[in-house]
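**Student:**
Numbering (the working numbering), first residue to last: 94 to 353.
#1: Pull up the distance between the alpha-carbon of residue 281 and that of residue 346, whole angstroms please.
#2: Using a Cβ-Cβ cut-off of 6 Å (strictly less than) and excluding sequence neighbours within five positions of residue 303, which residues of its own chain qualify?
#3: Rounded to whole angstroms, what's the CA-CA distance from residue 173 to residue 152? Just pull it up for me.
#4: Helix, strand or coil for residue 139? Go by DSSP, reduced to three states.
#5: For residue 275, which residues of its own chain have a beta-carbon under 6 Å away from its beta-carbon, when the five flanking residues on both sides are left out?
#6: Could you pull out every unbroken beta strand (DSSP E) segment of at least 3 residues lying fully inside the region 96-158, listed in chain order?
#7: Assign residue 198 to one of three DSSP states: helix, strand, or coil.
#8: What's the gap between the Cα of residue 162 and the Cα of residue 189?
#9: Taking three-plus beta-carbon pairs below 8 Å as touching, is the region 192-203 in contact with the region 222-231?
#10: Between the C-alpha atoms of residue 94 and residue 170, what's the straight-line distance to the nearest angstrom?
#11: Below 8 Å, can you find three or more Cβ-Cβ pairs linking the region 206-217 to the region 178-193?
#12: Quick one: residues in its chain with C-beta nearer than 8 Å to the C-beta of residue 294, no 5 flanking neighbours on either side, listed in chain order?
#13: Kindly indicate which residue of 194, 107, 101 and 298 has the alpha-carbon position closest to the one of residue 157.
#14: What distance in whole Å lies between the Cβ atoms of residue 323 and residue 336, which are believed to be in contact at a cut-off of 8 Å?
#15: Could you pull out every residue in the same chain whose Cβ sits closer than 7 Å to the Cβ of residue 210, ignoring the five residues on either side in sequence?
#16: Excluding five sequence neighbours on each side, which residues of the same chain lie with their C-beta closer than 7 Å to the C-beta of residue 136?
#17: Please name the residue or residues paired with residue 338 in a DSSP beta bridge.
#18: Could you give the residue range of the alpha helix (DSSP H) that holds residue 47?
#19: If you draw a straight line from the alpha carbon of residue 326 to that of residue 298, how long is it in whole angstroms?
#20: For residue 229, is the classification buried or exposed, using 16 other Cβ atoms within 10 angstroms of its Cβ as the cut-off for buried?
#21: Could you spell out the range, first to last residue, of the beta strand (DSSP E) harbouring residue 213?
#22: Report the CB separation of residue 165 from residue 130 in whole angstroms; it is logged as a contact under 8 Å.
#23: Nearest by alpha-carbon distance to residue 118: which of 138, 185, 208 and 139 is it?
#24: Residue 206 lies in the beta strand (DSSP E); which residues open and close that run?
Quick look at the structure:
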């Protein structure tokens with residue numbers, strides 16, 4: 094509920110992938126108990142019980158419920174489809190002597206078709222098959238390596254608060270106002286424009302820069318959740334934001350946008 098409220102959307106990568114796994118795992122356990130399409134009801138109760146402390150839950154109520162409900166519906170549709178594909182595979186291999194589902198094939202059902210590992214194991218066992226879990230784990234580790242490499246490329250380092258240009262000595266910077274819980278764009282003022290520790294008056298095309306705004310809809314990387322990407326537009330130019338992080342500078346919580 095809180096992740097969706099923070100505008101995290103279920104997806105197959107990054108923080109969206111974490112959200113999707115949490116929702117689908119909960120939906121799977123509910124299905125085992127004979128409950129389907131119940132996650133929206135849980136989200137409703139969470140919102141009701143916590144909105145007096147977190148008013149943004151009430152403000153984003155419809156968005157939260159719709160996202161969670163749609164994801165659960167898609168999961169059940171995906172699960173039914175992937176089970177049919179798995180049944181077809183087992184039927185073609187029923188006369189095999191070894192009765193083993195190769196690790197690469199098992200991982201494809203898990204990664205591409207969204208079939209949970211425990212369901213794959215249960216169906217295989219019921220049909221007298223074994224899964225090559227060693228090969229599965231090898232494929233999983235290769236995927237993790239690809240994800241780490243992609244994240245390293247997409248999220249270059251940002252100077253720490255101790256060396257962030259003039260902000261190291263500035264005492265006038267106020268905390269950045271985060272408005273991303275209720276909107277995806279807003280009007281802002283540039284508070285600081287830096288280039289690897291040097292204060293800038295203007296930036297040139299292709300130049301790597303760091304920008305602090307007075308308010309922003311960009312979520313800053315924190316607590317394992319990756320920072321937002323997007324675009325900052327002005328009358329005389331635009332910045333493609335490739336990473337956003339939260340930093341505490343002079344005791345103030347700031348959101349730093351990195352881009353070109």
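Cβ atoms here follow ideal geometry from the backbone N, Cα and C, with glycine treated the same way.
**Tutor:** So, to answer that:
#1: 17 Å
#2: 287, 349 and 351
#3: 34 Å
#4: Residue 139: helix per DSSP, three-state reduction.
#5: 152
#6: none
#7: helix
#8: 41 Å
#9: A contact exists between the region 192-203 and the region 222-231.
#10: Residue 170 has its alpha-carbon roughly 22 Å from the corresponding atom of residue 94.
#11: yes
#12: 286
#13: 101
#14: Not quite, the Cβ-Cβ distance comes to about 11 Å (not below 8 Å), so this is no contact.
#15: 203
#16: 94, 157, 158 and 161
#17: DSSP lists 314 and 349 as partners of residue 338.
#18: This structure leaves residue 47 out entirely; the chain is present only between 94 and 353.
#19: 14 Å
#20: buried
#21: Careful: residue 213 lies outside any beta strand (DSSP E), inside the alpha helix (DSSP H) at 210-219.
#22: 6 Å
#23: 208
#24: Taken as a continuous stretch (DSSP letters only), residue 206 belongs to no beta strand (DSSP E), as it is neither H nor E.
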